[in-house]
Amino acid sequence: MTILLWIFAVLLTLAGLAGLVLPALPGPLLLFAGLFLGAWAEGFAHVGTTTLVLLAVMAGLAMLADFVAGAFGAKRYGASPRSVAGAAIGALIGIFFGLLGLLLGPFLGALVGEIAERKGWAQAGRAGLGATLGLVIGTAAKLALGFAMVGLFLLVRFL
């Protein structure tokens, strides 16, 4: 049974790490679930309540960072609410087109949203740039927190 729990823990952790860069997957939640399952597989003998609470807080911060960075990037460059929604839709569609789609999707979505709001091309371009920068900053923050979560788990587990 322990081996099966560890297999699921590793799979969830890997899915969580992938989800840190893929917007369609709830990366921080999957990562926390994998680490929690890893602790459970050993009866919480090495990784206990304090560490798990800290990991949960880090997962929550990673999710928050994603939303805050995207909104900040778009708002900082004067994007309308329709443009922000367009950037989110563009990011979702961009998943299916690889790395280029992940970068261009939010930009094009924000651009279309801003044009639909009847703003000029210059404003639409700024909104697209802001949405893309927000996405990149949010992803970097999620990656940093995600790898810190794995590092903390391994540190507590093996030291």
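The numbers in our numbering rise by one with no breaks, and the one at position 64 of the sequence shown is 51. Each residue gets a CB set at the ideal place from its N, CA and C atoms; glycine is no exception. Just so we're clear, the structure is a prediction, and the values are computed from it rather than from any experiment.
query = With 16 as the cutoff for other CB atoms within 10 Å, does ALA52 come out buried or exposed?
reply = Buried, since its Cβ has 16 or more Cβ neighbours within 10 Å.
For MET(-12) and GLY224, the rounded distance between their alpha carbons = No answer is possible for residue 224: the residues shown for the chain start at -12 and end at 146.
request  = Count the C-beta pairs between the segment 119 to 134 and the segment 44 to 63 that are closer than 8 angstroms, then say yes if the count reaches three, no if not.
outcome  = Segments in contact, yes.
ask   = Are there three or more Cβ pairs, one per stretch, closer than 8 angstroms when the segment 123 to 133 is compared with the segment 11 to 25?
value = The segment 123 to 133 vs the segment 11 to 25: in contact.
query = Thinking just about the alpha-carbon of each residue, which of PRO93, LEU86, GLY57, GLY85 is nearest to the one in ALA78?
reply = Per the Cα distances, PRO93.
Complete runs of the alpha helix (DSSP H) confined to the segment 9 to 38 [at least 4 residues] = Residue ranges of uninterrupted alpha helix (DSSP H) with 4 or more members, entirely inside the segment 9 to 38 and ordered along the chain, are 14 to 28.
inquiry  = Measuring alpha carbon to alpha carbon, tell me which residue in THR126, ILE80, LEU18, GLY81 is nearest VAL137.
reply    = For the residues THR126, ILE80, LEU18, GLY81, the minimum Cα distance to VAL137 belongs to LEU18.
key: Given PHE145 as reference, the closest of ALA56, HIS33, ALA66, LEU9 once Cα atoms are compared   = For the residues ALA56, HIS33, ALA66, LEU9, the minimum Cα distance to PHE145 belongs to HIS33.
query = ALA111 to ARG105, Cα distance in whole Å?
reply = Going from the Cα of ALA111 to the Cα of ARG105 covers about 9 angstroms.
query = With a CB to CB cut of under 6 angstroms and the five nearest residues on each side skipped, what residues in its chain are close to ALA114?
reply = Same-chain partners within the cutoff: TYR64, ALA66, SER70, ALA97, GLU101.
query = How would you label GLY85, buried or exposed, when you count the other beta carbons within 10 angstroms and need 16 or more for buried?
reply = Exposed, since its Cβ has fewer than 16 Cβ neighbours within 10 Å.
query = Helix, strand or coil: which one does DSSP assign to MET(-12)?
reply = Coil, per DSSP.
ask   = Exposed or buried, what is LEU42 when buried is set at 16 or more other beta-carbons lying within 10 Å of its beta-carbon?
value = Buried: at least 16 other Cβ atoms inside 10 Å.
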